Amino acid sequence: MEFKKIWQERSALVEAQLVKELNEANPLDKTLCESMKYSLMAGGKRLRPILVMAAADAVGAKGTDYLTTGCAMEMIHTYSLIHDDLPAMDDDDYRRGKLTNHKVYGAGMATLAGDALLTLAFEVMLRQQGVSADTLVRVVREISTAAGPDGMVGGQALDMESEDKQISMETMKNIHLGKTGALFRAAIRSGAILGGASEEALAALTVYADNFGLAFQITDDILDVIGDESVIGKPVGSDEKNHKSTYVTLTSLEEAQKLAQDAVDTAIDALKIFGGEADFLRELVAYLVKRNK
Numbered sequence: 018m019e020f021k022k023i024w025q026e027r028s029a030l031v032e033a034q035l036v037k038e039l040n041e042a043n044p045l046d047k048t049l050c051e052s053m054k055y056s057l058m059a060g061g062k063r064l065r066p067i068l069v070m071a072a073a074d075a076v077g078a079k080g081t082d083y084l085t086t087g088c089a090m091e092m093i094h095t096y097s098l099i100h101d102d103l104p105a106m107d108d109d110d111y112r113r114g115k116l117t118n119h120k121v122y123g124a125g126m127a128t129l130a131g132d133a134l135l136t137l138a139f140e141v142m143l144r145q146q147g148v149s150a151d152t153l154v155r156v157v158r159e160i161s162t163a164a165g166p167d168g169m170v171g172g173q174a175l176d177m178e179s180e181d182k183q184i185s186m187e188t189m190k191n192i193h194l195g196k197t198g199a200l201f202r203a204a205i206r207s208g209a210i211l212g213g214a215s216e217e218a219l220a221a222l223t224v225y226a227d228n229f230g231l232a233f234q235i236t237d238d239i240l241d242v243i244g245d246e247s248v249i250g251k252p253v254g255s256d257e258k259n260h261k262s263t264y265v266t267l268t269s270l271e272e273a274q275k276l277a278q279d280a281v282d283t284a285i286d287a288l289k290i291f292g293g294e295a296d297f298l299r300e301l302v303a304y305l306v307k308r309n310k
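Position in the sequence shown (first residue = 1) + 17 = my numbering.
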């Protein structure tokens with residue numbers, strides 16, 4: 018089946034499952050429920066659940082069996098976006114072509130919506146069927162570590178501390194390994210673990226994941242300079258506005274493009290131990306550097 022068709026079909030599964038999970042959540046406050054739904058159902062690439070399923074496919078399992086875990090990861094990602102857009106963080110007005118959550122519901126409710134999605138994610142995660150308790154505990158540990166101070170939150174803190182400062186390439190990599198790369202890594206490793214990956218397969222997919230995250234972040238930095246606001250759904254130049262260093266500012270546009278392609282090549286090479294079952298992952302990372310949003 019064609020790469021984009023698989024993506025579209027699985028994205029539709031994700032959308033339907035997210036609606037189901039929200040309907041079952043039943044928050045005490047109606048506005049909180051609306052605020053959660055506003056951001057969670059605002060579209061997006063749904064990359065993290067797609068990666069959970071694709072990694073499971075790559076190790077010979079049926080990826081769609083792990084849709085529940087994928088949706089939990091999308092909730093964590095969405096919470097991070099809501100908080101990232103807050104006035105105390107990046108103070109962005111638009112996300113995915115819509116007003117950011119705090120511009121609609123206020124900073125207080127947006128903060129609570131993010132908190133609610135994060136905690137709901139772990140409730141949803143524990144509903145994953147078809148795996149042993151030991152495997153589920155391993156996956157929850159993988160994802161919680163990636164989302165916390167050793168991963169995404171730590172990367173965001175480093176990012177905040179680095180504003181208005183000249184930082185090194187090493188610091189830049191640490192920021193993005195945490196802020197962006199940690200959840201990609203957790204999605205891929207969790208899908209592989211759920212699918213019963215061998216240690217060799219898990220190690221190969223981890224190399225793929227780290228380079229996937231790097232290619233994604235560098236391309237995001239490039240799009241912040243040369244992207245079309247009407248396509249990417251948010252203002253370009255936000256990194257410059259917030260006085261943040263990027264791969265483009267630390268090197269050059271041309272060098273950043275080369276670094277992104279190098280990461281793609283390394284990611285694809287890491288998949289050489291797999292056969293056609295990993296073709297989706299190969300095509301996905303190659304697509305990253307060609308995307309326009």
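All C-beta atoms in this analysis are idealised placements derived from N, C-alpha and C, irrespective of residue type, glycine included. Since the model is a prediction, treat every value here as computed from it, not as a measurement.
- Taking all protein chains in view, the Cβ of Asp176 is crowded by 16 or more other Cβ atoms within 10 Å, so the residue is classified as buried.
- Setting aside the 5 residues that flank it on each side, Ala303 is surrounded in the same chain by Val281 and Ile285, each with a C-beta closer than 8 Å to its C-beta; the list follows chain order.
- Between the region 125-133 and the region 95-107 there are three or more C-beta pairs closer than 8 Å, enough to call the two in contact.
- Inter-segment contact for the region 285-297 and the region 214-226 is present: three or more beta-carbon pairs are separated by less than 8 Å.
- Pairing Thr86 with Ser269, the inter-Cα distance amounts to about 38 Å.
- A distance below 8 Å separates the beta carbons of Thr263 and Asp241.
- Arg308 has its alpha-carbon roughly 12 Å from the corresponding atom of Gln274.
- Put simply, the region 164-174 does not touch the region 66-77. Fewer than three CB pairs are less than 8 Å apart.
- Contact holds between the region 187-206 and the region 60-70, because three or more Cβ pairs, one in each stretch, are under 8 Å apart.
- Here the alpha carbons of Leu103 and Glu140 stand approximately 25 Å from one another.
- Contact between Val31 and Leu84 holds, with the beta-carbon distance rounding to 7 Å and staying under 8 Å.
- Residue range Leu64 to Ala75 is occupied by the alpha helix (DSSP H) that includes Arg65.
- In this structure, Met126 keeps its C-beta atom at 8 Å or more from the C-beta atom of Leu45.
- The beta carbon of Lys120 is closer than 6 Å to those of Asp110 in its chain, skipping five residues each way along the sequence.
- Leu116 has Tyr111 as its beta-bridge partners, per DSSP.
- Counted as a single uninterrupted DSSP element, the alpha helix (DSSP H) harbouring Val281 occupies residues Leu270 to Ala287.
- Listed in chain order, the non-local C-beta contacts of Leu137 below 7 Å within the same chain comprise Ala42 and Met92, local neighbours out to five positions each way being set aside.
- In the DSSP assignment, Thr266 falls within the alpha helix (DSSP H) that extends over Tyr264 to Leu267.
- Taking C-alpha positions only, Asp108 is separated from Asn118 by approximately 11 Å.
- Counting only the Cα atoms, Ile239 lies some 10 Å from Thr266.
- Scanning its chain for C-beta atoms nearer than 6 Å, with the 5 sequence neighbours on each side dropped, one finds around Phe291 the residues Ala75, in chain order.
- Contiguous alpha helix (DSSP H) elements confined to the region 134-219 occur at 150-164, 169-178, 186-193 and 199-211, taking only those with 4 or more residues.
- Residues of the same chain with a CB within less than 6 Å of the CB of His100, apart from the 5 flanking positions on each side, are Gly131 in chain order.
- Assignment of Val242 by DSSP, reduced to helix, strand and coil, places it in the helix class.
- Residue range Phe20 to Ala42 is occupied by the alpha helix (DSSP H) that includes Glu41.
- Listed in chain order, the non-local C-beta contacts of Val306 below 7 Å within the same chain comprise Ala232, Thr236, Ala277, Gln278 and Val281, local neighbours out to five positions each way being set aside.
- When the five nearest sequence neighbours on each side are left out, the beta carbons in the same chain lying within less than 7 Å of the beta carbon of Thr162 are those of Gly168, in order along the chain.
- Take the alpha-carbon of Asp82 and the one of Ile192: they are about 33 Å apart.
- Per the coordinates, the alpha-carbon of Arg299 lies some 25 Å from the alpha-carbon of Ile243.
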